[in-house]
Amino acid sequence: MAGRVRVGIGYDVHRFAPGRRLVLGGVTVPHPRGLAGHSDADALTHAVMDAVLGACGLPDIGTLFPADDPRYEGADSLQLLDEVLARARARGWRVAQVDCVLVAQEPRLGEFLARMRETLAARMGLGVDAVGVKATTPEGLGALGRAEGVAALAVALVETVE
Ligand code: MG
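Numbers in the working numbering are just positions in the sequence shown, counted from 1, shifted up by 856.
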């Protein structure tokens, strides 16, 4: 008999900035520009965290990890994800599945998606078949289409720990 399940959604967007590393799903993607942010600005991992937090009825990452808190300056977002998973477990939830979409005009992300998927899955203790990471371009439309930044969407399914 399956336990109770709940779903959450997460969305994040960061602007490109020169002199920054581009990190998505814990994977460094070679590109002349990275994303601006207080932490490593890993928009994909941030969207996953907000999806998990939402599913668990917990406050969002802006509340848990305030941008004005020096502890999170340059933070590795995978470590913040660890903290989110610990908070979920403390509430009696574990992540069962995550699915994500990256929206980026540049760079082309296709060759990095498998590593992002493996990285996020390993971090959450899931099989890779329980983590989806896809990418699409915004077809030149709007700010994302002008390659001003990268957006990420995620949904998470959590289940009660038996
Ligand atoms: Mg963010």
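For glycine and all other residues, C-beta sits at the position ideal for the given N, C-alpha and C. Keep in mind the model is a prediction, meaning the values are calculated, not measured.
Asked, Found
"Per-residue DSSP class, three states only, for residue 885", "coil"
"Start and end residues, alpha helix (DSSP H) containing residue 939", "933-946"
"Backbone secondary structure at residue 918 - three-state DSSP", "helix"
"Nearest-angstrom beta carbon gap, residue 891 and residue 876 [assumed within contact, 8 angstroms]", "6 angstroms"
"Endpoints, the beta strand (DSSP E) within which residue 862 is located", "861-874"
"Three-pair Cβ contact test at 8 angstroms for the segment 911-920 versus the segment 881-890", "no"
"Buried or exposed by the 16-neighbour rule on C-beta atoms within 10 Å, applied to residue 998", "exposed"
"Ligand 1 site residues, beta-carbon cut 6 angstroms against heavy atoms", "868, 870, 893, 899 and 902"
"Nearest neighbour of residue 981, chosen from 1003, 934, 957 and 1011 [CA to CA]", "934"
"Spatial neighbours of residue 1003 in its chain, beta-carbon cut-off 6 angstroms, leaving aside the 5 residues before and after", "961 and 962"
"For residue 1001, the first and last residue of its enclosing beta strand (DSSP E)", "No beta strand (DSSP E) holds residue 1001; the alpha helix (DSSP H) holding it covers 998-1001."
"Inter-residue CB distance, residue 1016 and residue 860 (contact presumed, cutoff 8 angstroms)", "5 angstroms"
"Straight-line gap, residue 990 to residue 955 (C-alpha atoms, nearest Å)", "8 angstroms"
"Residue 930 burial status per 10 Å Cβ neighbour count (16 or more: buried)", "exposed"
"Opposing strand residues paired with residue 950 [DSSP bridges]", "1015"
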